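Colleague: When the letters of the sequence shown are read in order and numbered with the working numbering, they come out as residues 238 to 295.
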Amino acid sequence: MKELPELPPSLCILSARDCESLETISSSTLSQSIRLNLANCFRFDQNAIMEDMQLKIQ
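Here it is, written out as structure tokens:
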């Protein structure tokens, strides 16, 4: 799985730990109050997610 799809708003915790292929998550997921565990997701692009979050704040 390269990208997590849009997730239900009722989801509180998501663990994708050790997912070697995960690169990104849906931007709609970022707007939810969700706790993510992405430990050891070495292909996950944290910088892209941080940039997306900063744009939403501005």
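Even for Gly, the Cβ is constructed at its ideal location relative to N, Cα and C. In this text the structure is predicted, and so the values were computed from the model without any measurement.
Ordered along the chain, which non-local residues of its own chain (more than five positions away) have a Cβ less than 8 Å from that of Glu-240?
Modeller: Closer than 8 Å at Cβ, skipping near neighbours: Leu-259, Glu-260, Thr-261, Ile-262 and Ser-263.
Colleague: Could you tell me which residues DSSP pairs with Glu-240 in its beta bridges?
Modeller: Thr-261.
Colleague: Which partner residues of Arg-272 appear in the DSSP bridge assignment?
Modeller: Per DSSP, Ile-250.
Colleague: If you draw a straight line from the C-alpha of Asp-282 to the C-alpha of Cys-256, how long is it?
Modeller: Going from the Cα of Asp-282 to the Cα of Cys-256 covers about 13 Å.
Colleague: Should Cys-249 go down as buried or exposed, given a rule of 16 or more other Cβ atoms within 10 Å for buried?
Modeller: By the 10 Å Cβ count, Cys-249 comes out exposed.
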